[in-house]
């Protein structure tokens, strides 16, 4: 492995692991991606650090410790973490004797179907794909190649998952969307059948306990390369673009359209039918009830452009003081005759 | 099937599927339930549409395409979706050889207990009910007739589920409520035993990964016909009424009382012990910390009546501008002697 | 069992159960922990109540019903609930024939490994610990003594769980944290390997469907005695202290530090890297984006000190009225010449 780094310090240090700048001990290498990290280098016990070029690092003694200057410390970190990864559990090819696989299902070359998995009729599991254990793959489901379905994952009928996907434990794909119509007599609710499905693109990662509902008609779609965190709920017929980042505990209402490269921060809610333009960012905790233009950052509930909202929230912090002053002004205006009592009561 | 529709257009069109107005191609039938949809009819490639009576649809050529005018396009859609549904997976009656069923349990006629399910002592599974796979039914649990428990559903001891219920994957019924008492020496927390249970009425649907905790004493109850979306958390001893709609990522605190026909939108939190009156609506993202009268719509955190809150939120959007003007007024009032500095500092 | 109570009423009542003050019938004992409960005693059908000393209870007839005065009704309730608990399901020691246990795993004395469980290579299950059913324990995982892992729990590689822990159904420990780096060409996202693990201390309870992600490097840690509700998401490298209370649907971002004895109410979000000081309380629905000093109570989004925020939220409730008045003042000031139009437009 080569990091293509410029070295400031000894070239013969023995590095035995990777850790954060505060927790690292001798023998560890760490990362300096901003001035905030650089300021902690002097007190760190790490033996080496990978530093993004252009960050000035104080308190460095090049006779004792090493800095490796790279274009991007975050990318270098990915390489180093791979180097120091403990071996992941290996799953041998084949179908475990306790797995129940329908005779009409197709299991790819080198695929692993682990203990207590269930694979339904006409399902297709791609080459090299791993179903760890207790995974349920319904009828007519297809899963691409070299994907990993962790324990407890459930994919219901007719949904499809791409190649090189990772579904963390207890992910649920293809439950019915949440749709009801009041009965004609207004007493009770009638369930809307959901005859659609879910299509998850290649290279998608879906966090533990997240759910993607099937379409009412047609698919709910997740674009290639999109990353979804834990506890995310995606409603029926939502269209999520490519390379989006959707953080934890987010809920996206039915038929919403999320453009390519959108970032949705934690605990955000997006209403049914909303469009979020490509490259937009929705800040944490926002409740989005109107369309978001491409590239903008929105915040708050109801959400609006971030800058404007932050200014208003800052004003909100002083609101009770301001209101006290407003009352004083009113009183003075009334006393001086500038304003008549009737004017205020209009 | 009869939709009892008035036809505007040819009567001999061949319809092969159902789709949304934008995605539909030739051969598909779609739905027009509002002016918003009607405006898209001219550009749609659908061959036919079901239209709620009274909606005016422009750009319709009755020599080429058909409109079916009905009382309620949403209800007609339910019928059409059923007609065009692909067959759902069929579950043959009987207990799968890999299921572990206690000898004292009762399995109803025509019920399906699928692969890797576990059914505990004295449990009762109703006629025609389906446990798909990997379902855990604890001791003394009862499940009514023709209910479906999807893969990964867990029902713990002594809880009961009604007939015609649908529990989506990984639903958890009957975990202990979240209750602790500080120890007498204030060091640490003592767990409150939860000796109650959960009672889910008939016709209830519970979304994937949702949880309903057991009562501290007595039951947590979900009224008949209530629909619960994915990722919903319902605390100990909550009483949810009949025909409620509870959307995704909602949390309801212990001992709250939710009346009949209440709608709770996405990401709402309702505090412990709160009462929400029958027919009330809680708008998305609200945090409810006081009782909500029947029939009202509430919004915001802390939540209040919707209209009032929306007006205030609209004002909030312009708050920093207003505050700038307030400062100008103060300054002018001070300069003119209308107000003395001491007045403002009171 | 002795409650060390002072008795006001007959000493020979037959008590057959425990219930809430409103639901209790004859034969039941209930609890009065505040004036709010005391006010309902006259109308309650309970035969007896445990009362915290110092609370005055009206409408009590000591010839018919009994009050037991104790130091702390909540602590007394814990004892009484234990006394009246129906028997919990007993799990016999041993490995169920359908469980798949790696030969290199160690199963403690008296431990129960239930149906369809999977225990990986080099895993260690402590004495008396129960894996109910469908539990997945990955390679090199250790679980302490007398812990309970309910159905569907998944613990991935190299994580460790303490003794006397309770993990409710479908809890997921050790999924990868949510970390990506934009590719050098800015097209797509590169996954950051997560080579860390999770360490859960003794006496921790984790609610149904909650998730704790593994560290990027080093552990994510949950301190001894901490209680976590359902649907909680805890990110990579978070450090949660001892005896914390974390309520439902909370999300805690990566590398946040939560001190000992912190209470986090429902639906709260805490951003990446935030520190919450020991003994602090975060009120429901808050979005925390700056550090919280020890012992303080914070509220709102963005969160701030509770008192200040509540005052501002109270002002917000009247904001549109205030703004109307402000406009009147402006108008009057302009008309009287106190203010010039240009002044406002600055």
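Residue numbers (this note's numbering), protein chains in the order written: chain A, 1235 to 1580; chain B, 1235 to 1580; chain C, 1235 to 1580.
The C-beta atom is built at its ideal place from N, Cα and C for all residues, glycine as well.
Next on the checklist: Please list, in chain order, the chain A residues whose beta carbon lies closer than 9 Å to that of residue 1490 of chain B.
Outcome noted: Near residue 1490 of chain B there are no residues of chain A at all, since even the closest Cβ is about 20 Å away, more than 9 Å.
Item to check | Status (buried if at least 16 other CB within 10 Å, exposed otherwise) for residue 1576 of chain B | outcome: exposed
Checklist entry - Which residues share a DSSP beta bridge with residue 1481 of chain B? => result According to DSSP, residue 1481 of chain B bridges with nothing at all.
Checklist entry - Which chain A residues are close to residue 1467 of chain C, counting only those with a beta carbon under 9 Å from its beta carbon? => result 1441, 1442, 1443, 1463, 1464, 1465, 1482, 1483 and 1500
Checklist entry - Are there 16 or more other CB atoms within 10 angstroms of the CB of residue 1244 of chain C, so buried, or fewer, so exposed? => result exposed
Checklist entry - Excluding sequence positions up to five away, which residues of its chain have a Cβ less than 8 Å from the Cβ of residue 1532 of chain B? => result 1514, 1515, 1516, 1517, 1520, 1522, 1526, 1538, 1539, 1540 and 1543
Checklist entry - Do we get a CB-CB distance below 8 Å when we pair residue 1532 of chain A with the residues of chain C? => result no
Item to check | 8 Å Cβ cutoff met for residue 1276 of chain C and residue 1293 of chain C | outcome: yes
Item to check | Within chain B, partners of residue 1316 of chain C - CB distance below 7 Å | outcome: 1427
Checklist entry - Does the stretch 1468 to 1480 of chain C come within contact of the stretch 1470 to 1479 of chain A, defined as at least 3 CB pairs closer than 8 Å? => result no
Next on the checklist: Tell me the DSSP secondary structure of residue 1343 of chain A in three-state form.
Outcome noted: coil
Checklist entry - Can you round the beta-carbon distance between residue 1553 of chain A and residue 1559 of chain C to whole angstroms, since I take them to be within the 8 Å contact cut? => result With 8 Å as the limit, residue 1553 of chain A and residue 1559 of chain C do not qualify as a contact, their Cβ atoms being about 14 Å apart.
Checklist entry - In this structure, what does DSSP give as the bridge partners for residue 1426 of chain C? => result DSSP output for residue 1426 of chain C lists no bridge partner at all.
Next on the checklist: Pairs of beta-carbons, one from the stretch 1403 to 1419 of chain B and one from the stretch 1436 to 1450 of chain B, closer than 8 Å: are there three or more?
Outcome noted: yes
Next on the checklist: Considering Cα atoms alone, identify which of C:1269, C:1386 and C:1399 is closest to residue 1378 of chain C.
Outcome noted: C:1399
Checklist entry - So with Cβ pairs under 8 Å, would you call residue 1535 of chain B a contact of chain C? => result yes
Item to check | Residue-chain proximity (residue 1254 of chain B, chain D), Cβ-Cβ < 8 Å | outcome: This model lacks chain D altogether; the protein chains it does include are A, B and C.
Item to check | Spatial neighbours of residue 1382 of chain C in its chain, beta-carbon cut-off 6 Å, leaving aside the 5 residues before and after | outcome: 1364 and 1400
Checklist entry - CB residue 1367 of chain C to CB residue 1350 of chain C, shorter than 8 Å? => result yes
Checklist entry - Is the number of C-beta pairs between the stretch 1418 to 1435 of chain B and the stretch 1385 to 1396 of chain B that are closer than 8 Å three or more? => result yes
Next on the checklist: Closest to residue 1285 of chain A by C-alpha separation, out of A:1279, A:1308 and A:1373, would be which residue?
Outcome noted: A:1308
Checklist entry - Got a sec, what are the start and stop residues for the beta strand (DSSP E) residue 1433 of chain C sits in? => result 1431 to 1434
Checklist entry - Would residue 1266 of chain C pass as a contact of residue 1314 of chain C if the rule is Cβ separation under 8 Å? => result no
Next on the checklist: Please confirm whether residue 1262 of chain B has its beta-carbon closer than 8 Å to some beta-carbon of chain C.
Outcome noted: no
Checklist entry - Going along the chain, which residues of its own chain have a beta-carbon closer than 6 Å to the beta-carbon of residue 1503 of chain A, five neighbours each way excluded? => result 1485 and 1521
Checklist entry - Thinking just about the alpha-carbon of each residue, which of A:1460, A:1483 and A:1574 is nearest to the one in residue 1492 of chain A? => result A:1460
Next on the checklist: Can you pull the chain A neighbours of residue 1547 of chain B, defined as C-beta to C-beta under 7 Å?
Outcome noted: 1536
Item to check | For residue 1355 of chain C, the three-state DSSP class (helix, strand or coil) | outcome: coil
Next on the checklist: Please state whether the Cβ-Cβ distance between residue 1356 of chain C and residue 1373 of chain C is less than 8 Å.
Outcome noted: yes
Checklist entry - Less than 8 Å separating the beta-carbons of residue 1347 of chain B and residue 1237 of chain B? => result no
Checklist entry - Taking Cβ to Cβ, would you say residue 1547 of chain A is nearer than 8 Å to residue 1536 of chain C? => result yes
Item to check | Proximal residues of chain A, C-beta to C-beta of residue 1559 of chain B below 8 Å | outcome: Within 8 Å Cβ-Cβ: nothing; residue 1559 of chain B doesn't reach chain A, min ~10 Å.
Item to check | Members of the stretch 1384 to 1402 of chain B near chain C, C-beta cut-off 8 Å | outcome: 1386, 1388, 1390, 1391 and 1392
Checklist entry - Between residue 1517 of chain B and chain C, is there a C-beta pair that is closer than 8 Å? => result no
Checklist entry - With distances taken from CA atoms, which of B:1391, B:1310 and B:1430 is nearest residue 1414 of chain A? => result B:1310
Item to check | Contact set between the stretch 1562 to 1574 of chain B and chain C, restricted to residues whose Cβ is under 8 Å from the partner | outcome: 1562, 1563, 1566, 1567, 1570 and 1572
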